[in-house]
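The structure under discussion appears below in the form of structure tokens.
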Amino acid sequence: MMKLSMSMAIFGLIGTLAGCAGTPAPSYYTLDQGMPHFQAQGQAPSIAVTQISLPELIDRPQLVLRTADNQVRVSEYQRWAEPLRRQIPRVMADDLGRLLGSSRVVSVPVDGQGFDADFRLLLDVQHLEANSGNGAEVDVLWRLEPRTGKVVVGRSQVREPAGGGDTAALVAAQRRALATVAMEIAERLRSLPGGKP
0 MMKLSMSMAI
10 FGLIGTLAGC
20 AGTPAPSYYT
30 LDQGMPHFQA
40 QGQAPSIAVT
50 QISLPELIDR
60 PQLVLRTADN
70 QVRVSEYQRW
80 AEPLRRQIPR
90 VMADDLGRLL
100 GSSRVVSVPV
110 DGQGFDADFR
120 LLLDVQHLEA
130 NSGNGAEVDV
140 LWRLEPRTGK
150 VVVGRSQVRE
160 PAGGGDTAAL
170 VAAQRRALAT
180 VAMEIAERLR
190 SLPGGKP
């Protein structure tokens, strides 16, 4: 009886080890394209991207893919390399810096309200979706607060085809959609007093 129990324990351990060996390693993704940070010499406006709101659905380490109208898939093996609430303000600051020719565009934490800047940019992400059939869809409410003058509120809604159904193509489509949002914000900012060097 003891031998039978020992044999069952050994088989159980082998089964467990075999199951662990078959578990795929997670893949990690980032919205940062790995481009060098922009180092302009001019005195274009300074902008602090200070705050971002995200839907709870996507405010998690796992990638969320929409599979049908009322269904999503949360993948344990496809994950963000860092939280979206840190990635999105940083890539937005990088894009705005390139578009405006300014090295004075930065992403600062919410508690960095004392950071002095010509403009503060607050982002409220309504949607940041990826769908293997439809590509990426981004909906962002944004608020530009100048040091002096009237606050400007806008909304950018962008759809971007993925050019492929795999996860890397969908993340790249999300990144391109966010770059379009940055272009719309930059265009609006150029029309404001103090928005040009």
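Under numbering that gives the first Met the number 0, think of the first position of the sequence shown as 0, with each following residue one higher. Think of the CB as a built atom: it goes at the ideal place given N, C-alpha and C, for glycine as much as any other residue.
For residue i, three-class secondary structure by DSSP
i: Met182; result: helix
i: Gln86; result: helix
i: Thr66; result: strand
i: Thr49; result: strand
i: Leu208; result: No statement about residue 208 is possible, as the shown extent of the chain runs from 0 to 196 and does not include it.
i: Ala80; result: coil
i: Leu16; result: At Leu16 the pLDDT is 49, less than 50, meaning the model places this residue with poor confidence and gives no usable figure here.
i: Val170; result: helix
i: Ala176; result: helix
i: Gly193; result: coil
i: Ala92; result: helix
i: Leu140; result: strand
i: Arg187; result: helix
i: Leu30; result: coil
i: Arg97; result: helix
i: Leu127; result: strand
i: Gly132; result: coil
i: Ser74; result: strand
Beta-carbon separation (whole angstroms), residue i vs residue j, contact threshold 8 Å
i: Val48; j: Pro88; result: 4 Å
i: Ile51; j: Val124; result: 7 Å
i: Pro25; j: Arg78; result: 5 Å
i: Arg174; j: Gln32; result: 6 Å
Cβ-Cβ distance between residue i and residue j below 8 Å
i: Leu121; j: Arg142; result: yes
i: Gln86; j: Glu75; result: no
i: Asp58; j: Arg84; result: yes
i: Gly164; j: Ser131; result: yes
i: Val180; j: Val139; result: yes
i: Leu95; j: Ala135; result: no
i: Ala178; j: Ser101; result: no
i: Val137; j: Ala176; result: yes
i: Val63; j: Leu56; result: yes
i: Phe114; j: Val107; result: yes
| said: If contact is defined by three or more beta carbon pairs under 8 Å, each pair taking one atom from either stretch, is the segment 141-150 in contact with the segment 178-195? | reply: Contact holds: three or more Cβ-Cβ distances are below 8 Å.
| said: Check whether the segment 90-109 and the segment 152-169 touch, using three or more Cβ-Cβ pairs below 8 Å as the test. | reply: No: the two stretches stay apart, fewer than three of their Cβ pairs being nearer than 8 Å.
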